[in-house]
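Under this note's numbering, think of the first position of the sequence shown as 5, with each following residue one higher.
Quick reminder that beta carbons are idealized off the backbone N, C-alpha and C, glycines included.
Worksheet: one structure, shown below.
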Amino acid sequence: MAYVVTDACIRCKYMDCVEVCPVDCFYEGENMLVINPNECIDCGVCEPECPAEAIVPDTEPNLDQWVELNAKFSAEWPNITVKGDSPADADEWKDKPGKFESEFSEKPGTGS
Ligand code: SF4
Ligand code: F3S
């Protein structure tokens with residue numbers, strides 16, 4: 005089992021999660037972060053830290069898309085271990101529905 009980042013992270017990217025993860029298993033895309041399921045130790049510390057409530061345990065129902073997406077892109081995107089600056093308009097994207105369809109990017113972030 006692992007925790008997964010869902011579409012609520014897209015264009016919010018607050019990165020509070022990065023600060024608390026004891027095993028540095030977050031990976032950075034252009035618009036969102038993902039968790040490497042093989043590295044996550046399932047501690048749950050990051051879940052309440054996310055202001056967008058984007059992080060959930062993979063035991064919740066209907067998460068197949070996000071489980072797959074976290075596994076795929078954590079193998080492609082750079083590791084991020086230090087919280088950077090969130091997008092200036094992050095709060096405007098918080099709680100917006102349908103962000104995956106219009107805003108998801110496969111491009112990597114810069115990592116740190
Ligand atoms: Fe890191 Fe723990 Fe969150 Fe997994 S559950 S991503 S180990 S803080
Ligand atoms: Fe994303 Fe939440 Fe982390 S918005 S970057 S999962 S704190």
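N40 - DSSP class collapsed to helix/strand/coil: coil
Buried/exposed call for E32, threshold 16 Cβ in 10 Å: buried
Which class does V9 belong to by DSSP, given the choice of helix, strand or coil? Residue state, collapsed to three classes: strand.
Can you tell which of M19, S109, M5 and A6 has the C-alpha that lies nearest to the C-alpha of P91? M19
State the start and end residues of the unbroken alpha helix (DSSP H) segment that holds V24. D20 to V24
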